[in-house]
Structure formats: C-alpha cells, structure tokens
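For the sequence shown, the positions run 1 to 225 when the UniProt record's numbering is used.
Okay, structure first, notes after.
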Amino acid sequence: MLTKTQGIVISYMRYRETSILVNVYTAEMGISSYIENGVRSAKAKHKMALFQPLTLLDLEVYHKPGKGLHRISEAKCFFPYQAIPFDIAKSSLALFLSEVLSKVLKEEEANPALFEFLSHSMQYLDRAESNFENFHLQFLWQLAAFLGFGAGNAAEFYQQLKAAGCIVPNFTELDALIHADYGHPIVLHRAERKELLAGMLNYYQLHMENFGEIRSLQILQEVLA
1 MLTKTQGIVI
11 SYMRYRETSI
21 LVNVYTAEMG
31 ISSYIENGVR
41 SAKAKHKMAL
51 FQPLTLLDLE
61 VYHKPGKGLH
71 RISEAKCFFP
81 YQAIPFDIAK
91 SSLALFLSEV
101 LSKVLKEEEA
111 NPALFEFLSH
121 SMQYLDRAES
131 NFENFHLQFL
141 WQLAAFLGFG
151 AGNAAEFYQQ
161 LKAAGCIVPN
171 FTELDALIHA
181 DYGHPIVLHR
191 AERKELLAGM
201 LNYYQLHMEN
211 FGEIRSLQIL
221 QEVLA
C-alpha cells in the first residue's frame, strides 16, 4: 500500500555495495525500516544526504503491516537544516540524540504527539542562535514522558535514582530547567551539565531494557566543554 507520511531519520546502515537500510520514525506508522537500493551510486534517485540522522522528510512509502522491510517511493526534506550540519555543537547534539532515539523508539504504531515533539525540537535546534547548550537535557526529560516513564518533578527523579543506587546530581534548580521552554537562559557550569546528563542517562537505563552506553557521549561532552 502506498502511504504518504512525514518521518524523521533515526539511523541507517550500509547494505551490500550501493544500498542502505534506513530506520525512520514516521508520523503514521511509528518506527519503520526501509531498504533504499542504489542510493550510494552516481545514478541514485535519492541522495544520501536525505538519510542522515534526524533529517525531516516528506515520504511516500510502500508499507505492508507485518513486513520487516518496506520501500520508499518518494522522499524530500520538508525542513532542510541550515545550521545543524555546519555547527559543530549542534551536529554533536544531533548525533547524540539520534543514538538515544535509536535505542528507545521501538513501537510500530502511530504516535502523532511524539512525532510532533521530535519535529518541533529539531527545528528549534536548527534555528536557535543562542542558549541551546541545555537543549539535550530538556529534550531527554520531555522524551521520557512520551515514552511512559517521565518523572513528575525533580524530587521524584532524584528519588528514583537514589533508590537504584545511582549517583544523584547535585543541582537544586532542576525544576527550573525541566519546566522551562527551549532557549530559556539557565546557567549551568560544565561540571553541573555533565553531572545532570549522567543522571538523565542513568534514569533511562533504569527504565529501558538494553539501553546500554551512548558512544557519542564523549564527543558531546568535549564539544560542550
């Protein structure tokens, strides 16, 4: 069945000589996997740039429920990034978040509110001119709520970490950060941001089976130092 949907690329991997397998979180079908044949050849219908992580796409796809791999008929950006690919801080944030999303987005069913959150968040990051250094912390906090294990407030967050024997971040203004809009200026020192991010990732590990380590974390911390 040919279906129109919007999607956000989560990850891709090479397949054979010129093809790739692409994981896309779609507005209509949740997480879906597509095979894109010949995309790494000179005569490709779609260019590789379309399938970089977190690219926002308008799609026409051949989607058959219950089938593991689907096919893309048409693909184009509905919001071409102007800053993320060229700004090292933003591209590092995008790399980190795409790795997190690849671990947590598993549902093959529509969740329009979650898709809208992801789309809005990435458009904000691309447009932001300043005050986005805490973006990933706010993103992770809000994402947890969509995934069904969000803490109601900072006290509950700390309590769950403490009960699990995790190191509890020492940051008394967490409530101000997590309830502020993206871009609201809240000053964090490098050590505070690093500590709070570690707490966030521990929290995800408590609630998501096989969440594991985030390989891009070290790159992000070096860039945001």
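The beta carbon of each residue, even a glycine, is placed where N, CA and C say it ideally should be.
Residue i, buried or exposed, once every other Cβ within 10 Å from all chains shown has been counted against 16
i           : result
residue 36  : buried
residue 200 : buried
residue 214 : buried
residue 136 : buried
residue 78  : exposed
residue 16  : exposed
residue 190 : exposed
residue 159 : exposed
residue 157 : buried
residue 113 : exposed
residue 144 : buried
residue 65  : exposed
residue 80  : exposed
residue 86  : exposed
residue 61  : buried
residue 91  : buried
residue 167 : exposed
residue 154 : buried
residue 73  : exposed
residue 163 : exposed
residue 49  : exposed
Residue i and residue j closer than 8 Å at C-beta
i           : j           : result
residue 109 : residue 165 : no
residue 101 : residue 10  : yes
residue 134 : residue 177 : yes
residue 223 : residue 83  : no
residue 63  : residue 1   : yes
residue 26  : residue 32  : yes
residue 106 : residue 211 : no
residue 111 : residue 185 : no
residue 24  : residue 8   : yes
residue 149 : residue 207 : yes
Those residues which DSSP pairs with residue i across a bridge
i           : result
residue 35  : 21, 71
residue 11  : 23
residue 100 : The partner list for residue 100 (beta bridge, DSSP) is empty, contrary to what the question assumes.
residue 61  : 3, 72
residue 56  : 8
residue 30  : 26
Could you tell me which whole alpha helix (DSSP H) segments of length 4 or greater appear in the stretch 108-174? 112-127, 135-147, 154-163
Is it true that the stretch 210-224 meets the stretch 86-95, where meeting means three or more beta-carbon pairs spaced less than 8 Å apart? yes
Three-pair Cβ contact test at 8 Å for the stretch 115-123 versus the stretch 42-59: Result yes; three or more Cβ-Cβ pairs closer than 8 Å.
Decide if the stretch 135-143 is in contact with the stretch 185-203; the criterion is three or more beta carbon pairs, one per stretch, under 8 Å apart. Short answer: they touch.
As an exercise, report each continuous beta strand (DSSP E) stretch of at least 3 residues that is fully enclosed by the stretch 175-213, in chain order. none
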